[in-house]
Amino acid sequence: MNLLTVVGARPQFVKAATLSRAIARHNGSRPGAAIVEKIVHTGQHYDANLSEVFFQELEIPAPAFHLGIGSGSHGAQTGRMLEAIEAVIEDDKPDAVLVYGDTNSTLAAALAAAKLHVPVAHVEAGLRSFNRRMPEEINRVMADHVSTWLFCPTRLAVENLRKEGVIAGVENVGDVMYDGMLHYRSMANEAVLATLEITRKAYVLATVHRAENTDDPQRLAGVMETLGQAALKLGRVVLALHPRTRARLIEHSIDVPAGVHVINPAPYLEMIALLANARAVLTDSGGVQKEAFFLEVPCLTLRDETEWVETRDCDANRLVGSEPLRARPALDALANGDWKPDFSARPYGSGKAAEAIVDTLLKGHA
Ligand code: UD1
5 MNLLTVVGAR
15 PQFVKAATLS
25 RAIARHNGSR
35 PGAAIVEKIV
45 HTGQHYDANL
55 SEVFFQELEI
65 PAPAFHLGIG
75 SGSHGAQTGR
85 MLEAIEAVIE
95 DDKPDAVLVY
105 GDTNSTLAAA
115 LAAAKLHVPV
125 AHVEAGLRSF
135 NRRMPEEINR
145 VMADHVSTWL
155 FCPTRLAVEN
165 LRKEGVIAGV
175 ENVGDVMYDG
185 MLHYRSMANE
195 AVLATLEITR
205 KAYVLATVHR
215 AENTDDPQRL
225 AGVMETLGQA
235 ALKLGRVVLA
245 LHPRTRARLI
255 EHSIDVPAGV
265 HVINPAPYLE
275 MIALLANARA
285 VLTDSGGVQK
295 EAFFLEVPCL
305 TLRDETEWVE
315 TRDCDANRLV
325 GSEPLRARPA
335 LDALANGDWK
345 PDFSARPYGS
355 GKAAEAIVDT
365 LLKGHA
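Written out as structure tokens, the structure is:
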């Protein structure tokens with residue numbers, strides 16, 4: 005089977021690494037390659053610390069095609085990708101196109117493939133925030149509705165699709181990010197703690213990049229104030245800053261509060277060390293919410309809703325939005341030791357999601 009995998013943004017590199025490893029394992033046990041995977045990098049993320057470093061560190065096969073699309077408005081960025089991916093599909097004639105998650109790269113690849121009648125495999129299908137103002141929500145709904153294989157990470161994702169009338173090709177395989185965490189946990193680069201002069205469970209890790217927070221100056225100022233409160237109540241805050249957020253802080257003259265230490269986006273193995281040793285995590289990222297859960301670290305999500313409701317249901321994750329007042333009770337509970345999440349639930353599968361995906365793809369192709 006010739007599989008064209010399209011990636012473009014940081015969270016997709018992590019997931020692609022796990023699936024590529026499962027494909028290599030599968031091929032390794034048979035004469036000849038059962039799946040020949042070629043990677044297309046759209047170039048949505050182009051900064052070395054959002055892209056290149058992941059390919060090196062996670063040993064992702066080098067992209068066969070690099071489209072170099074870069075930044076732009078949603079229409080411009082997605083449109084340029086659509087055209088470029090269409091050309092690759094026409095040339096390469098894959099048996100299927102595989103996409104991850106909910107970024108503009110996901111939407112462009114799914115649409116390009118579906119219109120050329122090439123089956124689409126969507127990993128992380130069925131997630132919903134029910135907030136159509138998020139570009140990611142539009143992307144995931146559209147991608148799901150043109151996909152042939154819908155690989156869901158949870159039971160709820162299957163249910164979300166059923167409510168939209170999408171039933172054929174839907175499978176709950178578990179979450180490839182959980183597979184990834186089981187693999188990478190022991191490889192975490194703990195040296196980063198000494199470099200940043202922080203100690204275990206004495207700091208808070210923060211990430212902020214979601215458009216709804218960065219592109220609204222009032223929300224961004226609120227989020228920064230929340231981080232300042234966290235620093236006051238819990239100790240130093242390490243903020244791994246996405247370039248988009250850095251640019252908006254400068255544009256809107258919003259200061260980083262005292263006690264908040266800004267670092268560049270961390271390479272993945274450093275990120276795992278920073279997450280695992282944190283006292284708590286403040287984030288608006290989807291992936292980081294789950295990684296905090298896997299590593300049993302309480303998470304405050306700087307959004308009004310989450311797609312990963314299972315983490316909220318066991319009180320491992322509290323939604324605090326962008327207003328400091330709303331975050332206060334959770335920060336106080338942490339400071340007083342009154343927040344006791346239940347990390348015993350296992351809603352994200354058994355760590356074999358990637359294997360299940362490979363099996364289904366091969367069955368479908370046979
Ligand atoms: C994208 C995804 C988001 C995902 C996130 C992970 C969409 C709609 N959003 O958001 O779902 O959680 O990636 O990081 O696809 N920029 C750089 N360097 C880069 C890439 C981006 O400076 O390498 C800056 C540019 O100013 C750009 C802005 O970030 O305009 C936004 O980038 P974009 O790719 O549109 O979305 P992300 O915010 O990264």
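For the sequence shown, this note's numbering assigns the number 5 to the initial residue and increments by one for each residue that follows. Here a beta-carbon is modelled for each residue, glycine too, at the ideal position from N, C-alpha and C.
* Have a look at G291, E314, A280, E311 and flag the residue whose alpha-carbon is nearest the alpha-carbon of E300. => A280
* From the DSSP output, in three-state form, read off T211 for me. => T211 falls in the strand class under three-state DSSP.
* Counting only the same chain and skipping the five closest in sequence on each side, list residues whose C-beta sits under 6 Å from that of S151. => V124, H126
* Which partner residues does C303 have in the DSSP bridge list? -> Paired residue(s): V285, N321.
* When the distance is taken between beta carbons, is D288 closer than 9 Å to T305? -> For the 9 Å CB-CB criterion, T305 and D288 form a contact.
* Asked: In chain order, which beta strand (DSSP E) runs of at least 3 residues are fully inside the stretch 145–175?
  -> The qualifying runs are 153–156.
* Beta carbon of N268: closer than 8 Å to some heavy atom of ligand 1? -> no
* Buried or exposed for H246, please, with buried defined as at least 16 other CB atoms from any protein chain shown within 10 angstroms of its CB. => So H246 counts as buried.
* Identify which residue in G178, F347, P302, Q81 has its Cα closest to the Cα of L111. => Q81
* What whole-angstrom Cβ distance do D183 and A357 have, given they're in contact under 8 Å? -> 5 Å
* Asked: Is the distance from the Cβ of K237 to the Cβ of D336 below 9 Å?
  -> Going by C-beta atoms, K237 is nearer than 9 Å to D336.
* Taking 8 Å as the cut-off, does the CB of G355 come closer than this to any heavy atom belonging to ligand 1? -> no
* Tell me whether G169 is buried or exposed, calling it buried when 16 or more other Cβ atoms sit within 10 Å of its Cβ. => exposed
* Asked: Which residue or residues does DSSP assign as beta-bridge partners of T9?
  -> I43, L102
* Asked: How is I276 classed by DSSP in three states: helix, strand or coil?
  -> helix
* To do: Pull up the CB-CB distance for L62 and V18, whole angstroms please, since I reckon it's below 8 Å.
  => 7 Å
* May I ask you to check if the CB of E274 is nearer than 8 Å to at least one heavy atom of ligand 1? => no
* Is the stretch 228–236 close to the stretch 319–337, with three or more CB pairs under 8 Å? -> Yes, they touch.
* Range of the contiguous beta strand (DSSP E) that encloses I89 -> No beta strand (DSSP E) contains I89, which is instead part of the alpha helix (DSSP H) from 78–96.
* Nearest residue (CA-CA) to P65, options E163, A26, R248, G353 -> A26
* To do: Enumerate in chain order the residues of its own chain whose CB-to-CB distance from A161 is below 6 Å, with the five nearest sequence positions on each side excluded.
  => G130, L131
* Asked: Once you ignore the five residues that flank I73 on each side, which residues in its own chain have a CB closer than 7 Å to its CB?
  -> If we look at I73 and ignore the five residues flanking it on each side, its Cβ neighbours are T46, G47, Q48, Q81, R84, M85, A88.
* Asked: What separation, rounded to the nearest whole angstrom, lies between the Cα atoms of G342 and T22?
  -> It is Asp, not Gly, that sits at residue 342 in the sequence shown. Distance between the alpha carbons of D342 and T22 is about 36 Å.
* Does the beta-carbon distance from G226 to E327 come in below 9 Å? -> yes
* To do: Can you grab the Cα-Cα spacing for the pair Q16 / E229, in whole Å?
  => Each residue's alpha carbon lies about 30 Å from the other.
* Just how far apart, CA to CA, sit I276 and V174? -> 31 Å
* Same chain, Cβ closer than 7 Å to Y104, five either side skipped, listed in chain order -> V11, Q16, K19, A20, T110, V127, E128.
* Nearest to A262 by alpha carbon, out of E94, K344, R240? -> R240
* To do: May I ask you to report which of helix, strand or coil DSSP gives L243?
  => DSSP places L243 in the strand class (E or B) of the three-state scheme.
* Measure from the alpha carbon of A100 to the alpha carbon of each residue in A296, M138, I39, then state which is nearest. => I39
* Sorry if obvious, but does the Cβ on D51 come closer than 8 Å to a heavy atom of ligand 1? -> yes
* **Contact test: N217 Cβ vs ligand 1 heavy atom, cutoff 8 Å** => no
* State the Cα-Cα distance for the pair V92 and F69, rounded to the nearest angstrom. => Pairing V92 with F69, the inter-Cα distance amounts to about 8 Å.
* Asked: Looking at the structure shown, is H70 part of a helix, part of a strand, or coil, going by DSSP?
  -> strand
* Specify the secondary structure class of V264 as computed by DSSP and reduced to three states. => Assignment of V264 by DSSP, reduced to helix, strand and coil, places it in the strand class.
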